[in-house]
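Numbering (numbering that gives the first Met the number 0), first residue to last: 0 to 101. We put the beta carbon where it would ideally sit given N, CA and C, even for glycine. Here the structure comes first, spelled out in structure tokens, and everything after it is commentary.
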Amino acid sequence: MKIEYLERKENPLLNRTEVTALVHHEGPTPRRSEVKARISAELDADPDLVIVDKIEQEFGRPVSRCFVKIYKDRESLEKIEPEHKIRKNMEKKPEKDEGGSE
Numbered sequence: 000m001k002i003e004y005l006e007r008k009e010n011p012l013l014n015r016t017e018v019t020a021l022v023h024h025e026g027p028t029p030r031r032s033e034v035k036a037r038i039s040a041e042l043d044a045d046p047d048l049v050i051v052d053k054i055e056q057e058f059g060r061p062v063s064r065c066f067v068k069i070y071k072d073r074e075s076l077e078k079i080e081p082e083h084k085i086r087k088n089m090e091k092k093p094e095k096d097e098g099g100s101e
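Written as structure tokens, this is what we have:
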């Protein structure tokens, strides 16, 4: 997965940085958690303060356009973002049931 940053804008009023990027990938559209981990690592941001707002797949191409918000502190994130967006970005991976329950 390769990320090409199109725009990075500081928004001091909302205490966040807004990033628009193209994600070049093979296979299906990447998960929010994958995009979040990669962008937070590349931009040296705390993953708990990163919200992947939108991932739009371009039809017929292995490219997705992403809109990401990086907050400066937890208080601003909780005050501005709707609860469902926070939950969607903080979701845990479901545990696999390895045992054969019969």
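DSSP three-state assignment for residue i, whether helix, strand or coil
{"i": "Arg30", "result": "coil"}
{"i": "Leu76", "result": "helix"}
{"i": "Tyr4", "result": "strand"}
Span of the alpha helix (DSSP H), counted from its first residue to its last, around residue i
{"i": "His83", "result": "82-88"}
Cβ-based burial, residue i [other Cβ within 10 Å; buried from 16]
{"i": "Asn10", "result": "exposed"}
{"i": "Leu5", "result": "exposed"}
{"i": "Asp35", "result": "The residue you asked about is not Asp; residue 35 is Lys in the sequence shown. Answer is buried; the Cβ neighbour count reaches 16."}
Nearest-angstrom beta carbon gap, residue j and residue i [assumed within contact, 8 Å]
{"i": "Gln56", "j": "Thr28", "result": "5 Å"}
{"i": "Lys71", "j": "Asn14", "result": "5 Å"}
Endpoints, the beta strand (DSSP E) within which residue i is located
{"i": "Lys71", "result": "Looking at the DSSP string, Lys71 is not in any beta strand (DSSP E), and its letter there is neither H nor E."}
Checklist line | Whole alpha helix (DSSP H) elements within the region 8-59, 4-residue minimum | finding: 31-41, all fully within the region 8-59.
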